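Chains as they are written, first to last, in this note's numbering: chain R, 1 to 438; chain C, 1001 to 1581. Backbone N, C-alpha and C define an ideal beta-carbon position, used for all residues, glycine too. Everything numeric in this text was worked out from a predicted model, so none of it was measured. Everything below concerns the one structure shown next.
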Amino acid sequence: MATRTIAAPQPLVEVRAVSHHYGRTSGAGQVLDTVDLTLNTNEVVGLLGRSGSGKSTLLRSIAGLLRPSEGDVRFVPGDDKADPTVAMVFQTFALFPWLTVLQNVELGLEAQRVPAEERRTRALAAIDLIGLDGFENAYPKELSGGMRQRVGLARAIVVNPSLLLMDEPFSALDVLTAETLRTDLLDLWSEGRMPIKSILIVTHNIEEAVLMCDRILVFSSNPGRVAAEIKVDLPQPRDRLDPTFRALVDDIYARMTARPAAPATASKDGLFPGTGIAMVLPRVSTNALAGLIEEVDAQPLDGKASLAELADSLQLEADELFPMAETLQLMRFAEFAGADIQLTALARRYAQADVDGRKALFKQALLAHVPLAQHIRRILDERASHDAPGRRFRDELEDFMSPDYADETLRTVTHWGRYAELFAYDEDGDRFSLDDPA
Amino acid sequence: MTDTTARPLPARSFSRLFRASPPNLADLVTFLLLAAAGVLIVRGLTDVAQPLSRLSVQPVTLDPRELPGYALRTTLRMFAALAASLTFTLVVATLAARSRRAEQIIVPALDILQSVPILGFLTFTVTFFLRLFPGQQLGAECAAVFAIFTSQAWNMAFSFYQSLRSVPSDLQEVCHGFGLSSMRRFLRLELPFAIPGLVWNAMMSMSGGWFFVVASEAITVGNTTVALPGIGSWLASAIARKDPAAVAWAVGAMAVLILLYDQLFFRPIVAWADRYRFEQTASADRPGSWAYDLFRRTRLLPALLAPVFAVGDLLMALDGGPHRRTVARDRAPSRIADGAWKAVLAALVLGSAWLVIDYVGRSLSWSDTGRAVLAALCTLLRVVVLIAVASVIWVPIGVWIGMRPRWAERFQPIAQFLAAFPANVLFPFVVIAIVRWHLSPDIWLSPLIILGTQWYILFNVIAGASVIPTDMREAASMFGVRGLQWWRRVVIPAIFPYYVTGALTASGGSWNASIVAEAVSWGDRHIAAFGLGSYIADATAAGDYPRVACGVAVMSVFVLAFNRLVWRPMYAFAERRLRLA
């Protein structure tokens, strides 16, 4: 089946010491930190990382959609001396709703001023290749998600790019549709029917990366760095149930939950960027945390579970599961052991407790391990009026992080604090206080 | 630009060829309609080229046979203004969206122009245009068209600017990735994306425009009186001759006119613009239009529209091919240039402030300004009371209608029609009543300022009530929520965002209307209510420019302050807390 000729790989794109930050120099806005990467011909490379790890920023730097603050992206001219070209497939499909399938696919050719006749022939050929025959005159809104992404794919390959960039191309699709599309894409690639030389795919789905890629770059977050590079030598088509496949998936889970080799003083806070009240807190609901504890506490898991299997059985993306698991770890409800998560005695007590008991346990954990919650509570205790404007804390956070992160962190701590009945918050007046509306 | 013409897809053009072999009935009907429109336009235009003196030789006569001709002239003015507004919108809003410095001037300017009383400026524009084309009807025509233009352009430009600023970033990235030139990006992405908002705002503008066309056709500034042939002049003449039958004719002609333009012009355009709505799933109910369906079934229309699309194609053919601009590194804009720019702006603002104060101050004393402010407070009271009264009347009715989908479907177009109907055509009837029963003008002229604008409250409330989710209504009725609690907890919060939109539009329109509503006449009887509207109207009739300027300035300040201090906070609150997500 694999008819793609394995020529000696040649470098296609070289990314050298690329750093990027938004807003002021370095500090809070840093998204990429000295990333080096070489893309070769005939390979599918995956960029795997959590949200906020800068993988999309790197992809957009390669696509020429943004210019990194430092460093270079260099295209290596091929045998024909021409610079390699790129085309991109978007997570949101990015189709023009007022253009038909055919017109959408023709868009790139039109911009290149390809004559109408040739444009039509090439577009129809691409539509044919991607399996959209018969839908040429349909508008995107008439198509299902999977078919829309096929249009996005046809639009990208019709301009004969050397490098196909894919930004989480399957994450907006349901499981079944995503699987079909992945398989079809891999078939086209391995049969060499697409004119592209290399594929770079950004994803946060670990199995997807192992399934598709020849090489996976694991990114760490805040700022984004290449934490690990993993070669996948399994033959295509790959089998998810193959023990080697599973082992590789577990290995990557372990790497992604491993604390970065930080100074030994760093506590378990190390997983979230920032320390003390400057810690960026992910938006995780207390309901989800309780659900996760209950799930792992109950039989058959009995307090210990493999993250990969947990993600599978709970139908969660790794990107959704990680923040939940890490929050548990931050509050000492759980610990990571390799690719496994292990509940602490505290969490097992929590699982058995009634509502008030749970709230008490959560309150203790919040006060002990979340510095921002401590801080807000202390300020409220100190003030005679026992209330404080939300603005005050938001400003304080913005000294350490971007306004978006500050907002999200404050929202999270508000949610946790309300659940633990640690403090109250009035949205209309934007005020924190100690009194309960009861 | 789209699939309709220029470059039809092979499959499509073949099927069209076979389906509609010989010209069909639809073709014939469309041809007749278009030919009639062409003849009318040519006739109207030849009249415009006449010298001004002909207006006194052939004054407006109250002969019903002349009425269609007058209606035509009025309509042509409307469409001329619409074309001007569209051009203004495309140029100015695009400039504001593309250039940061232009944005700094244009956006606040549009925001203010949206809320200042346009009728007050009529004095200055009429004088200006009459001097520009001395002795020609064209000057007066331009002044009338400009008055309508000023009532339409600002909100269209504002909506277009906002659309351009909210173009989805992934589509922008596609354009950038494929190296679309700036012109191509505009025609392929930005313009289509902005079309639905632009069409909706153009429709709203046209509704407001009828009011101004009636008010601006027959105008007296000092000792210059111009009466352009049109429904507005017919009305003025009917009032001067105390002819109620002629007023009734004008009302009828206006109704027919608005109905025709709605059915033949705007409904088809709304139905067409629906394809540009940015949505990923096809919505169940799409706006329909019999005229659009008729036009679409013809082969004639694509051929006629071809030139329009050819312009787009030509523009695209002119672009320089793909160019992948290298993106600049994020760089702070030059401080010195910014500082210089701000200094220029500050100088301009101070200069204009000085100009106005100097002009007004030279011939007016503080007591004049005080009188204007007092008059403004009076008008403010009128506006507030009338909005409250209109709300008490129309909110329950709107809710009742909105909750019954079948009634809502029937009433929504009627409410929109009423909003478009120029209320000043109806003024004479109220004046007749006041004169006959010797009523107090200070009270009984007041309802006139809300006569035309109350419908905005009604149709927004209908729209709001009709989208209250069924589950919310079912939950309310299951828990036995009724009476006052039902209003306070269910309906009012649910319709509030819509109500605010309607009331804001109504209040803005009412200030404008006060200029024609607070001072009216019937034959030689002049009736005025004390207020800023009559202050400006009197000053206009007397040709007292400084007092007009003073009145307009005071009114602008009042409207702006009212918007900022009352409507904006309410709107922000509604957006934040009461939007049904």
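Measuring only between beta-carbons, confirm whether residue i sits less than 7 angstroms from chain R.
i: G1177 (chain C); result: yes
i: P1192 (chain C); result: yes
i: V1613 (chain C); result: An answer regarding residue 1613 (chain C) cannot be provided, because it is not within the stretch 1001 to 1581 covered by chain C.
i: F1278 (chain C); result: yes
i: R1275 (chain C); result: yes
i: D1111 (chain C); result: no
i: D1524 (chain C); result: no
i: L1062 (chain C); result: no
i: L1180 (chain C); result: yes
i: V1308 (chain C); result: no
Examine chain C for any beta-carbon lying closer than 7 angstroms to the beta-carbon of residue i, and answer yes or no.
i: S26 (chain R); result: Model confidence at S26 (chain R) stands at a pLDDT of 46, short of 50, so the residue's coordinates are unreliable; what they give is reported in the following sentence. Chain C contact via Cβ: absent.
i: M194 (chain R); result: no
i: T92 (chain R); result: yes
i: M88 (chain R); result: yes
i: L65 (chain R); result: yes
i: K268 (chain R); result: No answer about K268 (chain R) holds up, because its pLDDT of 43 lies below 50 and its placement is not dependable.
i: P403 (chain R); result: no
i: G54 (chain R); result: no
i: G108 (chain R); result: yes
i: A111 (chain R); result: yes
i: P97 (chain R); result: yes
I need the boundaries of the beta strand (DSSP E) containing residue i, first residue and last residue.
i: D167 (chain R); result: L163 to D167
i: A87 (chain R); result: V86 to V89
i: E110 (chain R); result: No beta strand (DSSP E) holds E110 (chain R); the alpha helix (DSSP H) holding it covers V101 to A111.
i: I201 (chain R); result: S198 to T203
i: A1595 (chain C); result: Limits of chain C in this structure are 1001 at one end and 1581 at the other, which puts residue 1595 (chain C) out of reach.
i: A337 (chain R); result: A334 to A337
i: N1223 (chain C); result: Looking at the DSSP string, N1223 (chain C) is not in any beta strand (DSSP E), and its letter there is neither H nor E.
i: F340 (chain R); result: Checking the displayed sequence, the identity of residue 340 (chain R) turns out to be Asp instead of Phe. D340 to L343 is the extent of the beta strand (DSSP E) around D340 (chain R).
i: V73 (chain R); result: E70 to F75
For my contact list, residue i and residue j are in at a C-beta cut-off of 8 angstroms; report their separation, rounded to the angstrom.
i: V44 (chain R); j: I201 (chain R); result: 7 angstroms
i: L163 (chain R); j: P84 (chain R); result: 6 angstroms
i: L1499 (chain C); j: A1463 (chain C); result: Just to set this straight, residue 1499 (chain C) is Tyr in the shown sequence, not Leu. That pair is no contact at about 10 angstroms.
Secondary structure at residue i, three-state DSSP: helix, strand or coil?
i: L12 (chain R); result: strand
i: N137 (chain R); result: coil
i: L1090 (chain C); result: helix
i: D319 (chain R); result: helix
i: A82 (chain R); result: coil
i: R283 (chain R); result: coil
i: S1289 (chain C); result: coil
i: T1470 (chain C); result: helix
i: P97 (chain R); result: coil
i: E1066 (chain C); result: helix
i: D1274 (chain C); result: helix
i: F170 (chain R); result: coil
i: Q236 (chain R); result: coil
i: I130 (chain R); result: coil
i: L1426 (chain C); result: coil
Can you give me the start and stop residues for the alpha helix (DSSP H) that residue i sits inside?
i: P1593 (chain C); result: This structure cannot settle anything about residue 1593 (chain C), because the visible part of chain C is limited to 1001 through 1581.
i: Y425 (chain R); result: Careful: Y425 (chain R) lies outside any alpha helix (DSSP H), inside the beta strand (DSSP E) at A424 to D426.
i: F1193 (chain C); result: L1191 to E1217
i: F1265 (chain C); result: That residue, F1265 (chain C), is in no alpha helix (DSSP H); it is neither H nor E in DSSP.
i: H1176 (chain C); result: S1169 to G1177
i: L65 (chain R); result: Where L65 (chain R) is concerned, there is no enclosing alpha helix (DSSP H), given that its DSSP letter is neither H nor E.
i: A373 (chain R); result: P371 to E382
Within 10 Å of its beta-carbon, does residue i have 16 or more other beta-carbons around it, so buried, or fewer, so exposed?
i: G1252 (chain C); result: exposed
i: Q1485 (chain C); result: exposed
i: F1411 (chain C); result: buried
i: D269 (chain R); result: Residue confidence for D269 (chain R) is low, a pLDDT of 43 falling below 50, so the modelled location carries little weight; the figure read from the coordinates is stated next. Counting Cβ neighbours within 10 Å, D269 (chain R) comes out buried, since at least 16 surround it.
i: L185 (chain R); result: buried
i: K231 (chain R); result: exposed
Is there a Cβ of chain B sitting closer than 7 angstroms to that of residue i, yes or no?
i: D1170 (chain C); result: Protein chains R and C are contained in the structure displayed, whereas chain B is not.
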